[in-house]
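Residue numbers (UniProt numbering): 1 to 262.
Encoded structure:
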């Protein structure tokens, strides 16, 4: 994902952070609007010499300035896992890409050799209520296990279309529902899901703050769950992405010819 700060563009971006198709920013040309959220607006842009990019912009008056913290995410936890923060790669329709690192937090010290100790209390709710881990409800520091907990909620919703707390808006009610989902509400919570997700839930809940998750184990559970599904079925967006890619390549080559002709 490419990010270009508003300070670096040649033309003044409107205060509402809205760009029309065809708008040029340095060597980038806006193709279409993708989405808008609390941390700015995202557009698909084409670069004159390379592949398409996702461009994210924010107002100069935005507080805090989030683009500056989105450049490097190595050894960070995301803290806002949700379906809207994932997209498919433009080059590989089966490659999932994570975006929007405005809430991420480094879980190791600056030297990178030790894990950071948790703060006594985290002020303010972090994340999206529907997918937030229990630690966020309790005002506790998040670790790698909390991102995994949010991933599990996303998987359940994608598989069955709902979560027991889907329509709840009160933070306390949602927290209570997530607790119930681990005990007497477990059947309702994971009804329609492969049994491997039950094992994932128990494993994640038994991790502690400093534990390194066994990602190989989790991948193995997911691969096992996929064995019962179709192995060679195409995703509904694959053909559309193929057509869009050809269209972009045609327009780019046409533009290059026009530039050469002067």
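Positions of the beta carbon are idealized from the N, C-alpha and C atoms, including for glycine.
It should be emphasised that the depicted structure is a prediction, and the values quoted were computed from it without experimental measurement.
- For residue 83, the CB contacts under 8 Å within the same chain, skipping 5 residues up- and downstream, are 154, 157, 158 in chain order.
- Annotation: the continuous beta strand (DSSP E) that includes residue 96 extends over 96-98.
- Per the C-alpha coordinates, the member of 55, 252, 30 positioned closest to residue 99 is 55.
- Between residue 193 and residue 160, the CB-CB gap stays under 8 Å.
- In the DSSP assignment, residue 202 falls within the alpha helix (DSSP H) that extends over 196-205.
- For residue 86, the enclosing beta strand (DSSP E) starts and ends at 86-88.
- Going by DSSP, residue 19 is part of no alpha helix (DSSP H) at all; its letter is neither H nor E.
- Going by beta carbons, residue 121 and residue 139 fall inside the 8 Å limit.
- By the criterion of at least three beta-carbon pairs nearer than 8 Å, the region 230-248 is not in contact with the region 19-26.
- Assignment of beta-bridge partners to residue 108 by DSSP yields 115.
- With the rule of 3 Cβ pairs closer than 8 Å, the region 215-231 does not count as touching the region 176-191.
- Beta-bridge annotation (DSSP): residue 77 is paired with 105.
- Under the three-state reduction of DSSP, residue 132 is assigned to coil, being neither helix nor strand.
- Under the three-state reduction of DSSP output, residue 125 falls in the coil class, being neither helix nor strand.
- Look at residue 245 here: in three-state DSSP terms it is helix.
- Residue 144 sits in a helix when the DSSP states are folded into three classes.
- When secondary structure is reduced to three states using DSSP, residue 33 falls in the strand class.
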